[in-house]
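What follows is a short report on a single structure.
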Amino acid sequence: MIEKLSLYHPLIIEGMGGYDPRDPSAVAAVIIKQLQARWSAEPAAKPILLITQGDPYEANGISAITRIVADHLDISRALIFLDSEIADYHAPNADRYKVIFEIAYSQMAAELQKQQSSIVKNIQAAVDDLVSEKNARRLANEKAPLPEYYRIFALLQEVTKASCKQICGGVTIAHTSSEISDFSVSSFYRVGLDLGLIDADDMVPYGG
Numbered sequence: 025m026i027e028k029l030s031l032y033h034p035l036i037i038e039g040m041g042g043y044d045p046r047d048p049s050a051v052a053a054v055i056i057k058q059l060q061a062r063w064s065a066e067p068a069a070k071p072i073l074l075i076t077q078g079d080p081y082e083a084n085g086i087s088a089i090t091r092i093v094a095d096h097l098d099i100s101r102a103l104i105f106l107d108s109e110i111a112d113y114h115a116p117n118a119d120r121y122k123v124i125f126e127i128a129y130s131q132m133a134a135e136l137q138k139q140q141s142s143i144v145k146n147i148q149a150a151v152d153d154l155v156s157e158k159n160a161r162r163l164a165n166e167k168a169p170l171p172e173y174y175r176i177f178a179l180l181q182e183v184t185k186a187s188c189k190q191i192c193g194g195v196t197i198a199h200t201s202s203e204i205s206d207f208s209v210s211s212f213y214r215v216g217l218d219l220g221l222i223d224a225d226d227m228v229p230y231g232g
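Residue numbers (the numbering used here): 25 to 232.
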């Protein structure tokens, strides 16, 4: 499946889950407009493939938004899922709308390590440091620490993006909001940027 993925230009959209109160069609329209402007100025060299990361379908939030984007752009999707020993509930609950193939997190991590054996460890260390920083701020405000699953999904997010870029020779990343909560999984996007695995130019700003 890695070879199949290499035939595409990956599009990764990150954002809030089903708790997002906004109309997903309105959010998707903003993202689509920004993507079309980007690809009009800088056309992708390969067919676009929307990469999903196992979110179950909900009427609002990222899973609803990515369905709308895929439909409007008339593109297929691929699923990157957590191995059962990491989270046995992840793959069974994932939305498979328009998904043409699936790849396990462990495969994406292994592919990334072909470039440099320490990359995944570096991502893990950076995620752990960021979790500690965020928890320190939460403690100062008398809030509970972040749930343990934040680390797992932050790793999935950052390994997926970096591996997609390495495998495909490029990646386009979009967020569903211009304001990202400091205590969201999406906020860990700084990890890939800070490690130089993702460039600012890979990211399309939310224009709404």
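Don't be surprised by glycine CBs; every beta carbon is placed ideally from N, CA and C.
The three-state reading of DSSP puts Arg-101 in strand, counting E and B together.
As DSSP reads the structure, Ile-197 sits in a beta bridge with Ile-36 and Met-227.
With respect to Leu-74, Ile-99 sits close: the two C-beta atoms are nearer than 8 Å. By the Cβ neighbour-count rule, Lys-189 is buried, with 16 or more other Cβ atoms within 10 Å of its own. Sequence-distant partners of Phe-212 (beyond 5 residues in either direction) whose C-beta falls short of 7 Å from its own C-beta, in its chain, are Val-151, Leu-154, Ala-178, Gln-181 and Glu-182. Contact between Asp-107 and Thr-76 is absent: CB atoms are separated by about 16 Å, not below the 8 Å threshold. About 11 Å separates the beta carbons of Ala-186 and Leu-217, which is beyond the 8 Å limit, so they are not a contact pair. Of the candidates Ala-53, Pro-48 and Ala-111, the residue whose Cα lies closest to the Cα of Tyr-174 is Ala-111. The way I'd put it, the segment 43 to 56 does touch the segment 83 to 93; three or more beta-carbon pairs between them come closer than 8 Å. Ile-124 is classed as exposed because its beta carbon has fewer than 16 other beta carbons within 10 Å across all chains shown. Just so you know, the alpha carbons of Asn-146 and Ser-208 end up roughly 21 Å apart. Thr-184 is not a Cβ neighbour of Asp-226, given a cutoff of 8 Å.
Within the same chain, and ignoring the five residues on either side of Tyr-230 in sequence, the residues whose Cβ sits closer than 8 Å to its Cβ are Val-54, Ile-55, Gln-58, Ala-198, His-199, Thr-200, Ser-201 and Ser-202. Ile-191: member of the alpha helix (DSSP H) spanning 173 to 192, first to last residue. By the CB criterion at 8 Å, Arg-162 and Ala-168 fall inside the cutoff. DSSP, read as helix, strand or coil, puts Glu-135 in helix. In summary, Pro-34 is buried, with 16 or more beta-carbon neighbours lying within 10 Å of its beta-carbon over all protein chains present. In summary, Met-25 is exposed, with fewer than 16 beta-carbon neighbours lying within 10 Å of its beta-carbon over all protein chains present. Nearest Cα to Tyr-43 within the set Gly-85, Gln-60, Ile-36 and Ile-37: Gly-85. Scanning Gly-193, Glu-166 and Leu-31 for the CA closest to the CA of Gln-139 turns up Gly-193. A residue is called buried once 16 or more other Cβ atoms fall within 10 Å of its Cβ, and Lys-158 is buried on that count.
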